[in-house]
Amino acid sequence: MRSQPFPATLRRKWSADLTAAEVYHLLKLRNDVFVVEQNCVYADLDGRDLEPATRHFWLEVDGVPQAYLRLLEEPGGTYRIGRVCTARAARGLGFSRRLVEAALVEVGTTECVLDAQTYVADFYASFGFRPEGAEFIEDGIPHLRMRRSR
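Positions 1 to 150 (the UniProt record's numbering) are the ones given, in order, by the sequence shown.
Here's what the structure looks like:
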């Protein structure tokens, strides 16, 4: 991990509290990473970003989001972490780790799931997530469903 050359501010907001500018910048970051960089044409706007219980976490530098994740509440009380991404220029600074840690503080001891790109499964395992089922392909990228139970 590279040393952090600049301070990043952690932000956490409920969907209803996001400003239009924040929504734009968060969706732009997700688009830059998932659609452009990973060359994945998929429906990122799945209707869940504005659900009342959805929480958005991001790290910003000079007001610009550099890393992001979304925390959803699933039916039955389980949480779901998703849309974890970091801008190319901010990788290696531990930003994704900081975001997952922040989300897991919110989750507490409640069960949590995520669909990890296979190449980062070890990263999520470091937080106690364990693979559940076989690898699957989503949008052309290998994934593993992972679960964290307490």
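No residue lacks a Cβ here, since even glycine has one placed at the ideal position from N, Cα and C.
Original post:
Per DSSP, what kind of secondary structure is R150 in: helix, strand or coil?
Top reply: As a working mapping, residue 150 is identified with position 150 in the sequence shown. Of the three classes helix, strand and coil, the one that applies to R150 here is coil, per DSSP.
Subject >> Residue ranges of each beta strand (DSSP E) within the UniProt domain "N-acetyltransferase" (8-150), 3 or longer >> reply: 9-14, 55-61, 64-73, 79-86, 112-117, 136-138, 141-148
Subject >> Span separating the alpha-carbon of I137 from that of L59 >> reply: Mapped onto the sequence shown, residue 137 falls at position 137. Mapped onto the sequence shown, residue 59 falls at position 59. Going from the Cα of I137 to the Cα of L59 covers about 29 angstroms.
Original post:
Just checking my contact of V71 with I81 at CB under 8 angstroms: how many whole Å lie between their CB atoms?
Top reply: The count along the sequence shown starts at 1 and reaches residue 71 at position 71. The count along the sequence shown starts at 1 and reaches residue 81 at position 81. In the sequence as presented, Val is not what sits at residue 71; that position holds Leu. The pair is a contact, with the Cβ atoms about 6 angstroms apart (cut-off 8 angstroms).
Subject >> Rounded separation between S149 and H143 - CA only >> reply: Counting from one through the sequence shown, the residue named residue 149 turns up at place 149. Counting from one through the sequence shown, the residue named residue 143 turns up at place 143. Answer to the nearest angstrom: the Cα atoms are 19 angstroms apart.
Original post:
For the putative contact between V120 and L99, defined by C-beta atoms under 8 angstroms, what is the C-beta separation to the nearest angstrom?
Top reply: On the sequence shown, residue 120 is found 120 positions in, with the first residue counted as 1. On the sequence shown, residue 99 is found 99 positions in, with the first residue counted as 1. Not quite, the Cβ-Cβ distance comes to about 13 angstroms (not below 8 angstroms), so this is no contact.
**OP:** Buried or exposed for Y24, please, with buried defined as at least 16 other CB atoms from any protein chain shown within 10 angstroms of its CB.
**Re:** Residue 24 sits at position 24 when you count from the first residue of the sequence shown. Y24 is exposed by the Cβ-count criterion.
Original post:
In whole angstroms, what separates the C-alpha of C112 from that of N39?
Top reply: On the sequence shown, residue 112 is found 112 positions in, with the first residue counted as 1. On the sequence shown, residue 39 is found 39 positions in, with the first residue counted as 1. The straight-line gap from Cα to Cα measures roughly 28 angstroms.
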